[in-house]
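To keep things clear, I will list the structure first and then write my remarks on it.
In full-length UniProt numbering, the protein residues as written are 1 to 155.
Written as structure tokens, this is what we have:
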């Protein structure tokens, strides 16, 4: 699938605006000068800047390609396209019961396999990625992540 830079910029811009507006409703963090919505708003601003750059760059090139084209669409391409929304839905449905480690591990491993990574390399990358992401969010940013089935091993 090929999406024009103009359409990509518009989609990213709309997403950035939605994230920014939603982050405005996040509650303040007690004892800190900034609230929980600061980082999502900063990311949204960065996304909005990127979307404007995409649109401007596309217009400067006078890009007249189709906004959306599906050359060579086959089952593998379609599966890869559907993988990301399916992974998000899977995480939302299983994170509380299975926990972050198991849910995100399954998502990463399946994603690696679908996108053609060799199984052993995918397993190594999955374990490292899940540990780094958990450490970053749980310990550094102090974001509570669900433990699920691994509740007895929580630290």
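Ideal placement from N, C-alpha and C gives every residue a C-beta, glycine not left out.
Burial state of residue 141, where buried means 16 or more other Cβ atoms lie within 10 Å: exposed
Cβ pair count under 8 Å reaching 3, the region 90-107 against the region 120-130: Here the region 90-107 lies against the region 120-130, with 3 or more beta-carbon pairs under 8 Å apart.
The region 48-55 in contact with the region 6-13 per 3-pair CB rule at 8 Å: yes
Separation of residue 60 from residue 154, as counted between CA atoms: 53 Å
Meets three-Cβ-pair contact criterion under 8 Å: the region 17-28 and the region 37-48: yes
Closest by C-alpha distance to residue 148, when choosing among 105, 12, 87 and 96: 96
Length at least 4, wholly inside the region 76-107: the alpha helix (DSSP H) runs in chain order: none
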